[in-house]
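Below you'll find the structure, written out as C-alpha coordinates, and then a few comments.
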Amino acid sequence: KAETDENNVKIINSPEKGGYGIDAQWMDDFHHVIHSVLTGEKEGYYQDYGRLEDLEKVFKNFLYTGEYSHFWQKKRGTDASANPGRQFVVCLQNHDQVGNRGRGERLSLLVDFPFLKAAAGLLFMTPYIPLLFMGEEYAEKKPFLFFTDYIDQKLKKAVSEGRKEEFKGFNWDVFPDPEDDASFFNSRLTPEAEWKEENKKILNFYKDLIALRKKHPALHFLDKDNTQVKVNGRVVEVSRRQKDKKIVGIFNLGDGEISLKSFSGKQILNSAWEKYGGSLQGSADFLGRGEMVLLEQHAE
(Lines of atoms letter the chains of each structure in order from A; the text may use other names.)
(Lines give C-alpha, C1' and ligand atoms only; values in the text may rest on other atoms or scores of the structure.)
Protein backbone atom coordinates (compact mmCIF):
# COMPACT_ATOMS: atom_id res chain seq x y z
CA LYS A 5 0.00 0.00 0.00
CA ALA A 6 1.41 3.34 -1.04
CA GLU A 7 1.82 6.25 1.32
CA THR A 8 -0.99 8.79 1.17
CA ASP A 9 -1.31 12.49 1.94
CA GLU A 10 -5.04 12.22 2.61
CA ASN A 11 -6.18 13.62 5.95
CA ASN A 12 -3.06 15.77 6.28
CA VAL A 13 -3.71 19.41 7.14
CA LYS A 14 -0.15 20.26 6.07
CA ILE A 15 -1.53 20.41 2.54
CA ILE A 16 -3.95 23.25 3.33
CA ASN A 17 -2.19 24.99 6.21
CA SER A 18 -0.38 28.22 5.42
CA PRO A 19 3.42 28.29 5.00
CA GLU A 20 3.54 30.25 8.26
CA LYS A 21 2.10 27.15 9.94
CA GLY A 22 4.46 24.81 8.13
CA GLY A 23 2.01 23.93 5.39
CA TYR A 24 1.91 24.08 1.61
CA GLY A 25 -0.78 26.76 1.42
CA ILE A 26 -3.10 24.87 -0.96
CA ASP A 27 -6.61 26.37 -1.03
CA ALA A 28 -8.53 23.17 -0.34
CA GLN A 29 -8.32 19.37 -0.38
CA TRP A 30 -10.58 16.36 -0.72
CA MET A 31 -12.25 14.96 2.36
CA ASP A 32 -12.65 11.37 1.21
CA ASP A 33 -13.73 10.33 4.71
CA PHE A 34 -17.11 11.98 4.09
CA HIS A 35 -17.63 10.04 0.88
CA HIS A 36 -16.46 6.77 2.41
CA VAL A 37 -18.81 7.05 5.42
CA ILE A 38 -21.87 7.82 3.28
CA HIS A 39 -21.02 5.21 0.65
CA SER A 40 -20.28 2.38 3.05
CA VAL A 41 -23.35 3.10 5.20
CA LEU A 42 -25.74 3.16 2.24
CA THR A 43 -24.24 0.29 0.23
CA GLY A 44 -23.02 -1.94 3.05
CA GLU A 45 -19.69 -2.42 1.26
CA LYS A 46 -16.81 -3.42 3.56
CA GLU A 47 -14.10 -4.45 1.09
CA GLY A 48 -10.85 -2.61 0.46
CA TYR A 49 -10.56 0.76 2.14
CA TYR A 50 -14.26 0.65 3.04
CA GLN A 51 -13.37 -1.75 5.85
CA ASP A 52 -12.38 1.31 7.90
CA TYR A 53 -15.88 2.78 7.57
CA GLY A 54 -19.53 1.69 7.68
CA ARG A 55 -20.60 3.33 10.97
CA LEU A 56 -23.43 5.85 10.67
CA GLU A 57 -22.42 7.57 13.92
CA ASP A 58 -19.17 8.63 12.23
CA LEU A 59 -21.18 11.38 10.51
CA GLU A 60 -21.04 13.27 13.80
CA LYS A 61 -17.30 13.69 13.31
CA VAL A 62 -16.95 14.06 9.53
CA PHE A 63 -19.25 17.08 9.45
CA LYS A 64 -16.53 18.91 11.40
CA ASN A 65 -13.28 17.04 10.89
CA PHE A 66 -11.54 14.16 9.17
CA LEU A 67 -12.73 10.83 10.50
CA TYR A 68 -9.17 9.57 10.84
CA THR A 69 -7.21 12.08 12.91
CA GLY A 70 -4.53 9.71 14.19
CA GLU A 71 -6.60 6.55 14.72
CA TYR A 72 -5.45 3.13 13.48
CA SER A 73 -6.52 2.17 9.97
CA HIS A 74 -6.99 -1.55 9.33
CA PHE A 75 -6.65 -1.01 5.59
CA TRP A 76 -3.44 1.02 5.79
CA GLN A 77 -2.28 -1.00 8.81
CA LYS A 78 -1.05 2.08 10.62
CA LYS A 79 -2.30 5.20 12.34
CA ARG A 80 -3.30 7.89 9.88
CA GLY A 81 -4.64 11.41 9.73
CA THR A 82 -4.27 14.77 11.44
CA ASP A 83 -6.68 16.98 13.35
CA ALA A 84 -8.48 19.40 11.05
CA SER A 85 -11.00 20.73 13.56
CA ALA A 86 -9.43 24.21 13.48
CA ASN A 87 -9.47 24.44 9.67
CA PRO A 88 -12.45 26.26 8.12
CA GLY A 89 -15.06 24.45 6.04
CA ARG A 90 -14.04 26.28 2.86
CA GLN A 91 -10.80 24.25 2.84
CA PHE A 92 -12.55 20.92 2.19
CA VAL A 93 -14.26 19.49 -0.88
CA VAL A 94 -16.79 16.70 -0.32
CA CYS A 95 -18.78 14.55 -2.70
CA LEU A 96 -20.98 11.50 -3.08
CA GLN A 97 -19.28 10.54 -6.34
CA ASN A 98 -16.27 11.67 -8.35
CA HIS A 99 -14.08 10.34 -11.14
CA ASP A 100 -11.87 8.43 -8.68
CA GLN A 101 -14.54 6.83 -6.51
CA VAL A 102 -16.65 5.76 -9.50
CA GLY A 103 -13.99 5.21 -12.17
CA ASN A 104 -11.83 3.13 -9.84
CA ARG A 105 -14.60 0.63 -9.22
CA GLY A 106 -14.43 -2.62 -11.16
CA ARG A 107 -17.61 -2.01 -13.13
CA GLY A 108 -17.65 1.78 -12.76
CA GLU A 109 -21.02 1.75 -11.00
CA ARG A 110 -22.45 5.08 -9.97
CA LEU A 111 -24.24 5.45 -6.62
CA SER A 112 -27.57 5.46 -8.49
CA LEU A 113 -27.00 1.79 -9.33
CA LEU A 114 -26.01 0.83 -5.80
CA VAL A 115 -28.78 2.35 -3.66
CA ASP A 116 -32.53 2.80 -3.99
CA PHE A 117 -33.96 6.09 -5.24
CA PRO A 118 -35.08 7.50 -1.84
CA PHE A 119 -31.62 6.97 -0.34
CA LEU A 120 -30.04 8.66 -3.35
CA LYS A 121 -31.97 11.84 -2.47
CA ALA A 122 -31.15 11.51 1.24
CA ALA A 123 -27.45 11.28 0.39
CA ALA A 124 -27.73 14.46 -1.68
CA GLY A 125 -29.44 16.19 1.22
CA LEU A 126 -26.59 15.24 3.54
CA LEU A 127 -24.06 16.56 1.02
CA PHE A 128 -25.69 19.98 0.80
CA MET A 129 -26.08 20.22 4.56
CA THR A 130 -22.31 20.06 5.12
CA PRO A 131 -20.29 23.19 5.96
CA TYR A 132 -17.91 22.21 3.16
CA ILE A 133 -17.66 22.80 -0.60
CA PRO A 134 -19.89 20.24 -2.38
CA LEU A 135 -18.74 18.71 -5.67
CA LEU A 136 -21.17 17.10 -8.10
CA PHE A 137 -20.00 14.43 -10.51
CA MET A 138 -21.26 14.67 -14.10
CA GLY A 139 -24.65 13.01 -14.35
CA GLU A 140 -25.14 12.77 -10.60
CA GLU A 141 -27.73 15.55 -10.68
CA TYR A 142 -30.14 13.44 -12.73
CA ALA A 143 -29.13 10.00 -11.38
CA GLU A 144 -27.25 8.79 -14.45
CA LYS A 145 -27.04 5.00 -14.39
CA LYS A 146 -24.54 4.37 -17.12
CA PRO A 147 -21.14 3.44 -15.69
CA PHE A 148 -18.09 5.65 -15.64
CA LEU A 149 -15.30 3.24 -16.42
CA PHE A 150 -11.58 3.80 -16.29
CA PHE A 151 -10.53 4.01 -19.94
CA THR A 152 -7.22 4.70 -21.68
CA ASP A 153 -5.89 4.90 -25.22
CA TYR A 154 -2.14 4.41 -25.18
CA ILE A 155 0.01 3.74 -28.25
CA ASP A 156 2.85 1.98 -26.47
CA GLN A 157 2.05 -1.75 -26.30
CA LYS A 158 4.01 -2.28 -23.09
CA LEU A 159 2.11 0.53 -21.40
CA LYS A 160 -1.19 -0.86 -22.63
CA LYS A 161 -0.39 -4.21 -21.02
CA ALA A 162 0.89 -2.61 -17.82
CA VAL A 163 -2.33 -0.61 -17.39
CA SER A 164 -4.51 -3.67 -17.93
CA GLU A 165 -2.47 -5.81 -15.53
CA GLY A 166 -2.26 -3.00 -12.98
CA ARG A 167 -6.04 -2.79 -12.96
CA LYS A 168 -6.26 -6.42 -11.88
CA GLU A 169 -3.70 -5.88 -9.12
CA GLU A 170 -5.55 -2.81 -7.84
CA PHE A 171 -8.76 -4.75 -7.22
CA LYS A 172 -7.28 -7.57 -5.15
CA GLY A 173 -8.73 -6.10 -1.97
CA PHE A 174 -12.25 -6.02 -3.41
CA ASN A 175 -14.64 -8.81 -4.30
CA TRP A 176 -15.00 -7.63 -7.89
CA ASP A 177 -14.80 -10.47 -10.39
CA VAL A 178 -15.43 -8.40 -13.52
CA PHE A 179 -13.60 -5.25 -14.57
CA PRO A 180 -13.56 -4.13 -18.20
CA ASP A 181 -10.18 -3.59 -19.85
CA PRO A 182 -9.28 0.15 -19.88
CA GLU A 183 -7.80 -0.31 -23.36
CA ASP A 184 -11.03 -1.72 -24.80
CA ASP A 185 -12.88 0.95 -26.84
CA ALA A 186 -16.15 -0.25 -25.29
CA SER A 187 -14.97 1.03 -21.89
CA PHE A 188 -15.11 4.55 -23.31
CA PHE A 189 -18.28 4.22 -25.37
CA ASN A 190 -20.23 2.60 -22.51
CA SER A 191 -19.35 5.54 -20.25
CA ARG A 192 -21.07 8.22 -22.30
CA LEU A 193 -23.87 10.15 -20.59
CA THR A 194 -27.51 9.58 -21.45
CA PRO A 195 -28.92 12.35 -23.71
CA GLU A 196 -31.67 14.39 -22.03
CA ALA A 197 -34.16 13.29 -24.68
CA GLU A 198 -33.78 9.73 -23.35
CA TRP A 199 -34.22 10.57 -19.66
CA LYS A 200 -36.87 8.75 -17.66
CA GLU A 201 -39.28 10.46 -15.27
CA GLU A 202 -37.06 9.54 -12.33
CA ASN A 203 -34.17 11.46 -13.88
CA LYS A 204 -36.27 14.61 -14.25
CA LYS A 205 -37.64 14.36 -10.70
CA ILE A 206 -34.27 14.07 -8.98
CA LEU A 207 -32.95 16.93 -11.12
CA ASN A 208 -35.72 19.08 -9.58
CA PHE A 209 -34.48 17.96 -6.18
CA TYR A 210 -30.88 18.92 -6.90
CA LYS A 211 -31.91 22.28 -8.34
CA ASP A 212 -33.89 23.16 -5.22
CA LEU A 213 -31.10 22.01 -2.90
CA ILE A 214 -28.59 24.16 -4.80
CA ALA A 215 -30.91 27.17 -4.74
CA LEU A 216 -31.48 26.76 -1.01
CA ARG A 217 -27.76 26.40 -0.40
CA LYS A 218 -27.10 29.64 -2.28
CA LYS A 219 -29.77 31.81 -0.70
CA HIS A 220 -30.28 30.59 2.86
CA PRO A 221 -27.73 32.07 5.32
CA ALA A 222 -27.64 28.92 7.46
CA LEU A 223 -26.37 26.90 4.49
CA HIS A 224 -24.58 29.56 2.47
CA PHE A 225 -21.93 30.34 5.07
CA LEU A 226 -19.44 27.48 5.57
CA ASP A 227 -19.46 27.60 9.35
CA LYS A 228 -18.42 24.40 11.10
CA ASP A 229 -18.85 25.94 14.56
CA ASN A 230 -22.59 26.36 14.03
CA THR A 231 -23.07 22.86 12.65
CA GLN A 232 -24.42 20.08 14.85
CA VAL A 233 -25.02 16.41 13.99
CA LYS A 234 -26.85 13.79 16.05
CA VAL A 235 -27.24 10.14 15.11
CA ASN A 236 -29.89 7.99 16.76
CA GLY A 237 -30.05 4.51 15.30
CA ARG A 238 -30.61 5.05 11.58
CA VAL A 239 -31.90 8.61 12.01
CA VAL A 240 -29.55 11.52 11.39
CA GLU A 241 -30.30 15.08 12.51
CA VAL A 242 -28.16 17.87 11.06
CA SER A 243 -28.61 21.48 12.14
CA ARG A 244 -27.00 24.54 10.58
CA ARG A 245 -27.36 28.03 12.04
CA GLN A 246 -26.36 31.54 11.06
CA LYS A 247 -27.45 34.25 13.54
CA ASP A 248 -31.24 33.86 13.88
CA LYS A 249 -31.60 31.61 10.82
CA LYS A 250 -31.59 27.86 11.34
CA ILE A 251 -32.22 24.79 9.19
CA VAL A 252 -32.57 21.28 10.59
CA GLY A 253 -32.37 18.26 8.35
CA ILE A 254 -33.90 14.95 9.43
CA PHE A 255 -32.75 11.88 7.51
CA ASN A 256 -34.32 8.44 7.83
CA LEU A 257 -31.63 6.05 6.63
CA GLY A 258 -33.44 3.03 7.96
CA ASP A 259 -36.14 0.79 6.52
CA GLY A 260 -38.89 1.70 8.97
CA GLU A 261 -41.09 4.76 9.35
CA ILE A 262 -40.25 7.51 11.87
CA SER A 263 -42.46 10.21 13.38
CA LEU A 264 -41.70 13.91 12.98
CA LYS A 265 -43.84 14.98 15.94
CA SER A 266 -40.82 15.70 18.13
CA PHE A 267 -39.27 18.01 15.51
CA SER A 268 -40.50 21.58 15.16
CA GLY A 269 -40.26 24.00 12.26
CA LYS A 270 -41.66 24.72 8.82
CA GLN A 271 -41.06 22.02 6.23
CA ILE A 272 -39.27 23.80 3.38
CA LEU A 273 -38.15 20.72 1.46
CA ASN A 274 -39.24 17.10 1.61
CA SER A 275 -37.71 14.39 -0.58
CA ALA A 276 -41.10 12.63 -0.72
CA TRP A 277 -42.85 15.49 -2.51
CA GLU A 278 -44.35 14.66 -5.90
CA LYS A 279 -42.05 17.09 -7.72
CA TYR A 280 -39.10 14.97 -6.48
CA GLY A 281 -40.55 11.60 -7.47
CA GLY A 282 -42.52 10.87 -4.30
CA SER A 283 -46.27 10.87 -3.61
CA LEU A 284 -46.52 13.55 -0.93
CA GLN A 285 -48.19 16.93 -1.14
CA GLY A 286 -47.65 19.41 1.70
CA SER A 287 -46.14 18.66 5.08
CA ALA A 288 -45.57 15.17 6.40
CA ASP A 289 -46.04 13.70 9.89
CA PHE A 290 -43.72 10.79 9.16
CA LEU A 291 -40.61 9.99 7.17
CA GLY A 292 -40.59 6.74 5.26
CA ARG A 293 -37.69 4.57 4.22
CA GLY A 294 -34.82 6.70 2.94
CA GLU A 295 -36.76 9.96 3.14
CA MET A 296 -35.53 13.33 4.42
CA VAL A 297 -37.00 16.70 5.31
CA LEU A 298 -35.53 20.15 5.90
CA LEU A 299 -37.12 22.25 8.64
CA GLU A 300 -36.69 26.00 9.01
CA GLN A 301 -36.58 27.14 12.62
CA HIS A 302 -35.96 30.38 14.49
CA ALA A 303 -32.61 30.18 16.26
CA GLU A 304 -32.47 31.27 19.89
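Going by the working numbering, the first residue of the sequence shown is number 5, and it counts up by one from there. Backbone N, C-alpha and C define an ideal beta-carbon position, used for all residues, glycine too. Predicted, not measured: the structure shown is a model, and the values here were computed from it.
The beta carbons of residue 62 and residue 37 sit closer together than 7 Å. Classified as exposed, residue 178 has fewer than 16 neighbouring CB atoms from the shown chains inside 10 Å of its CB.
Between residue 297 and residue 271, the gap from beta carbon to beta carbon is short of 7 Å. Where residue 101 is concerned, the enclosing alpha helix (DSSP H) starts and stops at 99-103. When only Cα atoms are considered, residue 104 and residue 19 end up about 33 Å apart. Considering only 82, 114, 152, the residue with the shortest C-alpha distance to residue 146 is 114. Residue range 239-246 is occupied by the beta strand (DSSP E) that includes residue 241, with no alpha helix (DSSP H) assigned at that position. By the beta-carbon neighbour count (other beta carbons within 10 angstroms, threshold 16), residue 58 is buried. By a beta-carbon distance limit of 8 Å, residue 13 does not contact residue 129. Their separation comes to about 23 Å. Between the C-alpha atoms of residue 99 and residue 70 there is a straight-line separation of about 27 Å. The C-beta of residue 31 has 16 or more other C-beta atoms within 10 Å across all chains shown, which makes the residue buried.
Looking at the backbone, the Cα of residue 111 and that of residue 301 are separated by about 32 Å. Rounded to the nearest whole angstrom, the C-alpha separation of residue 25 and residue 91 is 10 Å. Comparing alpha-carbon positions, the option among 169, 73, 299, 44 lying closest to residue 106 turns out to be 169. The criterion of a C-beta distance shorter than 7 Å is satisfied by residue 74 and residue 51. In the DSSP assignment, residue 106 falls outside any beta strand (DSSP E), carrying neither H nor E. Two segments are said to touch when three or more pairs of C-beta atoms, one from each, lie closer than 8 Å; by this definition the stretch 196-208 does not touch the stretch 217-237.
In the structure shown, the three-state DSSP call for residue 26 is coil. Classified as buried, residue 250 has 16 or more neighbouring CB atoms from the shown chains inside 10 Å of its CB. In the structure shown, the three-state DSSP call for residue 279 is helix. If the five residues before and after residue 109 are omitted, its C-beta is found closer than 8 Å to the C-beta atoms of 102, 147, all from its own chain and listed in chain order.
Scanning its chain for C-beta atoms nearer than 6 Å, with the 5 sequence neighbours on each side dropped, one finds around residue 53 the residues 36, 37, 40, in chain order.
A distance below 7 Å between beta-carbons, with the five flanking residues on each side excluded, links residue 235 to the following residues of its chain, in chain order: 56, 57, 59, 60.
With contacts defined by Cβ atoms closer than 7 Å, residue 96 and residue 122 do not form a contacting pair. By the criterion of a C-beta distance shorter than 6 Å, residue 79 is surrounded in its chain by 70, 72, once the five residues flanking it on both sides are discounted. If you ignore the 5 residues before and after residue 29, its C-beta comes within less than 6 Å of the C-beta of 15, 16, all in its own chain and listed in chain order.
The three-state reading of DSSP puts residue 96 in coil, since its state is none of H, G, I, E or B.
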